[in-house]
Amino acid sequence: MDIEYVFSHRVNLDGQFMLDDWEANWLLGYLDADHGMTNFAMRMNSDQSKYRRNNANATTTDFKFMLEKALSFGELSIGIDGYIAEHDSVITNPNNMVFEVVNFKSVEDNRYGAFVEWQQQYDNTQVQLGLRFKRAEANAGEVATSMAMMMQIPGDGMGMGGDMNSGMDMGNTMKMPTMSELAIDLRDGFNHANRKVSDNNLDIALSIETEINEALSMYLGLGVKNRAPSYQERYLWTPMEATGGLADGNTYIGNINLESETAQQIDFGLTYQSKTVMVSPHIFYQNIDDYIQGTPLGMNNMSASMMANMMAGDENPLQFNNVDAKLYGFDMNGYFQVNDQIRFSAIVSYVQGERRDINDNLYRIAPLNGNVNATYYSDNWSTNIAFVLAAAQDDVSVTNNEQKSAGYGVINVDFQYYLNNQVTLRAGVDNILDKEYRNHLGGYNRVKGSDIPLMNRLTSEGMSAWAEVTYSF
């Protein structure tokens with residue numbers, strides 16, 4: 038859908054004070070948002086019976102309180118933080134006052150955390166250790182849909198209820214259920230389920246950085262990180278593309294009983310730096326248990342599969358489930374200072390994401406990419422030429438019907454002029470050669486009748502110019 042409007046209010050209060058000899062920092066915030074989307078106001082849609090407007094509302098209250106102090110055994114920070122949020126989403130048709138789908142009803146998404154962070158310097162070695170306890174609480178109200186009230190011819194279908202035998206007549210011929218019966222089955226299955234769930238997770242992060250000599254240092258990071266499921270992944274009760282930004286064009290249904298993702302991480306790096314050269318390569322590996330991924334629904338929920346096929350023509354809908362995955366790769370950055378005026382710098386990054394339970398790649402993983410910069414400095418101005426590069430991405434997700442993408446190269450130019458100590462002028466031109474290219478992390482066109490064919494990857498921005506003035510006082 039296209040954004041019709043977004044209205045929101047944000048209020049933040051924060052401050053700091055001394056509590057004995059501890060420095061205390063606190064924050065209290067509130068956000069409400071009213072978000073409207075349509076599939077007809079800004080695109081061609083000749084079928085008024087399929088007009089849809091989604092009104093989504095959310096309120097969030099967030100908080101943080103932290104104490105910090107330098108002690109004999111190191112710097113210590115302790116605190117609590119979190120947020121309390123509620124979400125609602127209703128889909129209607131302005132041409133049919135009866136049509137309504139209560140997509141998310143009084144969804145509670147509450148996250149609480151308590152953390153301890155410690156760091157200490159030992160001669161040439163710095164050690165940092167962090168522990169964070171996280172509790173996620175989620176719940177949802179009962180949903181409804183006018184599709185469950187559609188008129189139907191008696192005996193023209195069956196209630197699913199998970200009992201396929203009830204759809205067999207005396208001649209063992211299965212009768213196809215009506216849309217109404219499918220909607221009733223999905224609605225009642227969701228409303229009768231235990232929707233109140235919670236997750237308790239513990240994150241641990243340890244980093245050690247040590248100087249081997251004057252020019253060379255080494256970094257080692259170890260960690261266990263967790264992510265509780267989002268409310269969309271849990272409570273999407275009827276097949277839709279409402280995937281919280283996934284935008285792969287597939288139809289999804291949620292799973293209330295999802296487990297939290299758990300990633301075991303290791304990161305190792307070296308940094309070499311002299312007066313004119315710096316280079317810093319890093320390699321990393323993450324082993325992820327219970328990774329949340331859409332998997333083929335198949336026969337697991339016949340009502341959802343049939344509904345997805347009837348409503349969206351999707352013969353292979355997906356359901357959010359826990360699988361096993363891994364991520365590994367490297368990144369490297371560095372520079373070469375030619376003289377006081379000229380510097381060359383570069384960043385390169387590569388990551389590979391794979392399923393561990395089946396032979397498939399993870400969705401939306403960036404290909405090998407990087408940029409090379411040439412910068413010239415003068416007394417009161419500077420200019421930079423950036424070459425942005427990306428390789429082709431052939432390692433795509435079969436499960437998500439992900440498309441491969443071609444490599445590309447783009448040139449950006451920017452300029453800075455320091456007028457005085459208070460005023461700085463900046464300007465630039467991005468994609469100066471107006472190259473047509475597609476970023477692999479970009480979305481797909483899901484709008485019929487546009488210049489870009491349906492489900493083709495969206496093109497990135499062409500040549501564009503920008504300028505800004507910064508005033509400091």
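For what it's worth, our numbering labels the leading residue of the sequence shown as 38, then goes sequentially.
Idealized CB from N, CA, C, for every residue including glycine.
Being a predicted model, the structure only gives us computed values, none of them experimental.
Q: Let me know the beta strand (DSSP E) ranges lying completely inside the segment 412-445, each 3 residues or longer, listed in chain order.
A: Segments of the beta strand (DSSP E) lying fully in the segment 412-445: 418-427.
Q. Residue 113: which of 215, 59 and 91 sits nearest, CA to CA?
A. When only C-alpha atoms are compared, the closest one is 59.
Q. Does the Cβ of residue 117 have 16 or more other Cβ atoms within 10 Å, making it buried, or fewer, making it exposed?
A. Classification of residue 117: exposed, given that the 10 Å Cβ count is below 16.
Q) CB-CB under 7 Å to residue 42, same chain, minus the five flanking residues each way: which ones, in chain order? A) Contacts found: 73.
Q: Could you check what DSSP says for residue 262 in three-state terms: helix, strand or coil?
A: Residue 262 falls in the strand class under three-state DSSP.
**Q.** Complete beta strand (DSSP E) runs within the segment 440-498 (minimum length 3 residues, chain order)
**A.** List check, beta strand (DSSP E) in window: 445-455 and 460-467.
(Q) Checking the sheet assignment: what are the DSSP bridge partners for residue 101? (A) Answer by DSSP bridge pairing, in chain order: 64 and 118.
Q: Taking 8 Å as the cut-off, decide whether the C-beta atoms of residue 96 and residue 139 are in contact.
A: Against a cut-off of 8 Å, the Cβ pair of residue 139 and residue 96 comes out as no contact.
Q | As assigned by DSSP and simplified to three states, the class of residue 510 | A | Here residue 510 carries a coil assignment [DSSP, helix/strand/coil].
Q. Which two residues bound the contiguous beta strand (DSSP E) that contains residue 152?
A. It spans 133-159 - the beta strand (DSSP E) in which residue 152 sits, taken as one unbroken run.
Q: Return the chain-ordered list of same chain residues with a C-beta closer than 6 Å to the C-beta of residue 504, the five sequence neighbours on each side being excluded.
A: 464.
Q) Counting along the chain, where does the alpha helix (DSSP H) carrying residue 216 start and finish? A) That run of the alpha helix (DSSP H) goes 216-228.
Q: Please name the residue, chosen from 166, 257, 281 and 291, that lies closest to residue 240 on a Cα-to-Cα basis.
A: The shortest Cα separation from residue 240 among 166, 257, 281 and 291 belongs to 166.
Q: Give the single residue among 425, 243, 110 and 265 whose Cα lies nearest to the Cα of residue 171.
A: It is 265.
**Q.** Residues near residue 144 in its chain [Cβ-Cβ closer than 8 Å; skip 5 each side]
**A.** Cβ neighbours of residue 144 beyond the five flanking positions: 123, 124, 125, 175, 176, 177, 178, 268 and 272.
Q.
Just to confirm, is the Cβ distance from residue 290 to residue 354 under 8 Å?
A. A Cβ-Cβ contact shorter than 8 Å links residue 290 with residue 354.
(Q) At the level of alpha carbons, what is the spacing between residue 350 and residue 432? (A) When rounded, the distance between both Cα atoms is 27 Å.
**Q.** C-beta atoms of residue 413 and residue 379 nearer than 8 Å
**A.** Residue 413 is a Cβ neighbour of residue 379, given a cutoff of 8 Å.
Q | Strand pairing of residue 128, partner residues [DSSP] | A | The beta-bridge partner set that DSSP reports for residue 128 consists of 91 and 138.
Q. When we look at the beta-carbon of residue 485 and count the other beta-carbons within 10 Å, is it buried (16 or more) or exposed?
A. The Cβ neighbour count for residue 485, taken over all protein chains shown within 10 Å, is under 16; the residue is labelled exposed.
**Q.** Best match in 315, 155 and 99 for proximity to residue 148 [C-alpha to C-alpha]
**A.** Looking at the Cα atoms, 99 is the closest of the given residues.
Q) Can you check whether the CB of residue 453 is closer than 8 Å to the CB of residue 419? A) Contact: yes.
Q. Which term fits residue 360, buried or exposed, when burial requires 16 or more other beta carbons within 10 angstroms of its beta carbon?
A. Counting of Cβ neighbours within 10 angstroms places residue 360 among the buried residues, the total reaching 16 or more.
Q) DSSP state of residue 45, grouped into three classes? A) Strand.
Q: Count the other CB atoms, across all protein chains shown, that sit within 10 Å of the CB of residue 308; report buried if there are 16 or more and exposed otherwise.
A: With 16 or more Cβ atoms within 10 Å of its Cβ, residue 308 is classed as buried.
Q) Roughly how many angstroms separate the alpha carbons of residue 254 and residue 247, rounded to a whole number? A) Residue 254 and residue 247: Cα-Cα distance of roughly 6 Å.
Q. Since residue 298 is in the beta strand (DSSP E), which residue starts that stretch and which ends it?
A. Annotation for residue 298: the continuous beta strand (DSSP E) segment containing it runs 298-310.
Q) At what residues does the beta strand (DSSP E) containing residue 246 begin and finish? A) Unbroken beta strand (DSSP E) run through residue 246: 234-248.
Q. If we count the other Cβ atoms within 10 Å of its Cβ and call it buried at 16 or more, is residue 208 buried or exposed?
A. With a pLDDT of 46 at residue 208, under the threshold of 50, the modelled position of that residue is not reliable, and the figure given next carries that caveat. By the neighbour-count rule (16 or more Cβ atoms within 10 Å), residue 208 is not buried but exposed.
Q.
Counting only beta-carbon separations shorter than 8 Å, does residue 276 have a partner in chain D?
A. Considering every chain present, this structure includes no chain D. It has just one protein chain.
Q: With DSSP as the reference, label residue 341 as helix, strand or coil.
A: Of the three classes helix, strand and coil, the one that applies to residue 341 here is helix, per DSSP.
Q | residue 123 in three-state terms, based on DSSP | A | DSSP places residue 123 in strand when its eight states are reduced to three.
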